[in-house]
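These notes concern the structure reproduced below.
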Amino acid sequence: MKKKFLVGMLGLASIFALSSFDDTQSDESTSRKFWGSEITGYGPCSPTGEIQADGTPVCGCEVQVTYHVFWVGVSTHTETMYTSC
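Residue numbering for the sequence shown is -19 to -1, 1 to 66, as defined by mature numbering (1 follows the signal peptide of the UniProt record, and there is no 0).
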């Protein structure tokens, strides 16, 4: 059991080590994330009617977010991101 655990931990460590290498041949826009999320698309923005403290209006923009686990996009959904107009 102890040996299987060590082999598994070495396997995970090697995956994380390989993901940390920087491939100078690939373009940042074509490379896929190893872990985490990224914005993959933007939708329309519309004013929300709210005003920030400095007087600028607030807009709600739809963005498409993709979550990655081991380079595989496991979930894609639409969220609202609030920015100044």
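From the three backbone atoms N, C-alpha and C, an ideal C-beta is built for every residue, glycine too. All of these numbers come straight from a predicted model, not from anything done at the bench.
Give the secondary structure of G36 by DSSP, where H, G and I count as helix, E and B as strand, and everything else as coil.
-> coil
When S18, A34 and C40 are compared against S27, the one with the closest alpha-carbon = Among S18, A34 and C40, the Cα nearest to that of S27 is on C40.
I think E43 touches T57, with their Cβ atoms under 8 Å apart; what is that distance to the nearest whole Å?
-> Contact flag wrong, Cβ pair sits at about 13 Å.
Kindly indicate which three-state DSSP category M(-11) falls into: helix, strand or coil?
-> helix
Residues near T29 in its chain [Cβ-Cβ closer than 6 Å; skip 5 each side] | Annotation for T29: V39 and G41 place their beta carbon closer than 6 Å to its own, counting only its chain and skipping 5 residues before and after.
Between T47 and P25, what straight-line distance do the alpha-carbon atoms span, to the nearest angstrom?
-> 18 Å
Which one of Y63, E19 and Y23 has the shortest CA to CA distance from G54?
-> Residue E19 holds the alpha-carbon nearest to the alpha-carbon of G54 among Y63, E19 and Y23.
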